[in-house]
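This note's numbering puts the first residue of the sequence shown at 3, with every later residue one more than the last. We treat Cβ as the ideally placed atom computed from N, Cα and C, and that holds for glycine. Fair warning: this is a prediction, and the values are worked out from it, not measured in the lab.
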Amino acid sequence: MPADTTESADIADIAGSTPRGVPDLLAASVARSPERPVLRMDDDVLTLADLDVLSARAARWLASLGVVPGDRVAVLQPNVPTFAVLYYGILRAGAVVVPMNPLLKSREVEHCLSDAGAALLICWHEGTEEAVTGAVRVGTPCVTVGPDAFATDAFAPDVHPAPPAAHRRGGEDTAVILYTSGTTGVPKGAELTHRNILGNVRAGIQVLGIGEDDVIFGGLPLFHSFGQVMGLNCAVATGACLTLVARFDPAGAMAVIRRDRVSVFLGVPAMYTLMLTHPDRAGHDVSSLRVCLCGGSPLPPEVLRGFEDDFGCVVLEGYGLSESSPLACANRIDRERVAGSIGVPIEGVRMRVVDESGTEVPDGTVGEVVIRGHNVMKGYWRRPEATARAIRSGWLYTGDLGTRDARGDFRIVDRSKDVIIRGGFNVYPREVEDVLYEHPAVAEATVVGVPHPTHGQEVAAAVVLRDGARVAPEEIRAFVRERVAPFKYPRLVWLTDALPKGPTGKILKREIVLPAGLGNPAR
């Protein structure tokens, strides 16, 4: 069942207005400061007025293609301004955005398009082979756009910037469907409503103290809820500028911080580690940084302390998941912080630590973290049974194990699921295992996460070959690499005679041990 609507954050203060839908964030900011830069990528800059006109053209173009309110429109774009144009254009057309990772392979694209019942797939003009193949297989119309797609009225002549009133959506209408998986490895679409996103935007602005003079680092992928909501939507709501980075590398990131005077940094632990340990760190001026938000997986305390000391800013650890829009809990600038803690719930959100029966446990006791409030998703798209398992009496059961201390601070101590978090991206073992089993030489396989100094975890696979089969681990790794996104394939693969199993024959992942001398993961 959906989240309880009585426990919602007051969003009337966002951008000084009372937005009903996400596009209202843009409308309010345009009314205040139309010429403020809101998106930058190297030398290309879009003002709020530019984004307003371009997204209106995109909305009219979508209508000309037959897209109607409520349709799902998939977007497969890298971190470029066109993503933002399409995102707001789709919402202004009254449709639902289905963001997709550009690194997905055709089989993954096919599943998401089919499950969403997408009316259209909009790809970037380069590197579209896998996406097009997936779209053709499922019969979804596919179009490609480049950086100048909506630069003229050719796409939509006589367009008016304001969205048609008939296309306005209410707070409980679905705005975005984000595909995520459980340990089954079957991707499910988390439905985020306009209200979910607006509440999270308000929380992000409050936690980070974002104002119109801030410059936000846009190195997180926009197809992910963290970069999309905390980066893009918070920038649009406040009139701050989001400076986009197509692909993260530590030296390039620090150069962007210096060039654009970035004041707000959003990242996953690997980003902080790579910048802190970069050999040319001293050669980059990062004095403009004011505050950072880290999510995706726990940040090692030594990295947090080292980054704050060396970069001269405050690093706030936060916590959330796609199903919570994403932010649920975060440390605060004006509150004493303890390394390793994820702080306290955002305004309008409650969190508990419960036992297997759903009963709240005493402070200091480990249990499952559950969330209730305006940020809890509407549900999983067309999956009522999965929704009922995840949301019980209005509480979202996260599958993460944590504790709460006497001050009210929460801490994540482990994952109750087998999900591997590699560099901030979720990797679901079952999905990779299914591909391993497709190899004709593989009899059994299991995928686990092993510690990695910069990525947090690395994907590893233990494989038992069929009798008489001969194949090198490198060949198996290459086989999987061709069939899944780059962040998913196992860098570490080893052959073994047998896998540890319990009485029922279930493979015991907790007893999988990385062989001594296997070496560092392949890049």
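Item	Value
Which of the three DSSP states is assigned to Phe481 in this structure?	helix
Does the Cβ-Cβ distance between Leu200 and Phe228 come in under 8 Å?	no
Could you please give me the residues that DSSP links to Tyr439 through a beta bridge?	The partner list for Tyr439 (beta bridge, DSSP) is empty, contrary to what the question assumes.
At a threshold of 7 Å, does Ala237 count as lining the ligand NAP (C-beta to nearest heavy atom)?	Absence of the ligand NAP from the depicted structure is noted, as is the absence of any ligand whatsoever, leaving it without description.
Where does Thr389 land, buried or exposed, given buried means 16+ other C-beta within 10 angstroms?	buried
What does the alpha-carbon distance come out to for the pair Pro386 and Ile393?	10 Å
Return the Cβ separation of Val466 and Asp499 in integer angstroms, given the expectation that the two are a contact with Cβ distance under 8 Å.	7 Å
With DSSP as the reference, label Leu48 as helix, strand or coil.	strand
Less than 8 Å between the beta carbons of Ala205 and Leu194, yes or no?	no
From the DSSP output, which residues share a beta bridge with Arg424?	Phe427
Ordered along the chain, which non-local residues of its own chain (more than five positions away) have a Cβ less than 6 Å from that of Gln79?	Phe85, Trp126
List the whole-angstrom C-beta distance separating Leu48 from Pro83, where the pair is believed to meet the contact cut-off of C-beta under 8 Å.	5 Å
Since Gln208 contacts Glu349 with CB under 8 Å, what's their CB separation in whole angstroms?	7 Å
What distance in whole Å lies between the Cβ atoms of Val98 and Arg59, which are believed to be in contact at a cut-off of 8 Å?	Incorrect: roughly 19 Å between the Cβ atoms, too far for contact.
Inspect the beta-carbon positions of Phe412 and Ile514 and report whether they are closer than 8 Å.	no
Note the first and the last residue of the continuous beta strand (DSSP E) segment covering Pro101.	98-101
Ignore the nearest five residues each way along the sequence and tell me which others in Gly322's own chain have a CB closer than 6 Å to its CB.	Pro328, Leu329, Ala330
Smallest Cα separation from Thr367: which of Ser395, Val415, Gly285?	Val415
Enumerate, from N- to C-terminal direction, the unbroken alpha helix (DSSP H) stretches of 4 or more residues contained entirely within the region 257-333.	271-278, 303-313
Would a check of beta-carbon distances place Ser326 closer than 8 Å to chain D?	Chain labels in this structure do not include chain D; a single protein chain is all it has.
Could you have a look at Ala192 and say whether DSSP puts it in helix, strand or coil?	strand
Who pairs with Val231 in a beta bridge, going by DSSP?	According to DSSP, which records beta bridges pairwise, Val231 is partnered with nothing at all.
Whole alpha helix (DSSP H) runs in the region 451-511 with 4 or more residues, listed along the chain?	475-483
Can you tell me which of Val24, Gly396, Asp407, Asp45 puts its alpha carbon nearest to the alpha carbon of Gly342?	Asp407
With burial defined as no fewer than 16 other Cβ atoms inside 10 Å of the residue's Cβ, what is the status of Arg472: buried or exposed?	exposed
Does the Cβ-Cβ distance between Ala95 and Leu115 come in under 8 Å?	no
Leu210 and Leu295 look like a contact to me (Cβ under 8 Å); what is the Cβ gap, rounded to whole Å?	6 Å
Using beta-carbon positions only, say whether Tyr274 and Val305 come within less than 8 Å of one another.	yes
May I ask you to list the residues that DSSP assigns as paired with Cys125?	Leu78, Thr146
Between which two residues does the beta strand (DSSP E) holding Val371 run?	369-375
If Gly314 sits next to Leu278, beta carbons under 8 Å apart, how far is it from one beta carbon to the other, in whole angstroms?	The Cβ separation is near 12 Å, so there is no contact.
Which whole-angstrom value is the C-beta distance of Val461 and Tyr491, which I expect to be below 8 Å?	7 Å
Going by beta-carbon coordinates alone, are Ser299 and Gly426 separated by less than 8 Å?	yes
According to DSSP, Val346 sits in a beta bridge with which residue or residues?	Ala332
Between Asp133 and Val111, which are expected to be in contact by the criterion C-beta below 8 Å, what is the C-beta distance as a whole number of angstroms?	It is worth fixing the name first, because residue 133 is Ala in this sequence and not Asp. Indeed, because the Cβ distance is near 5 Å, the residues count as touching under 8 Å.
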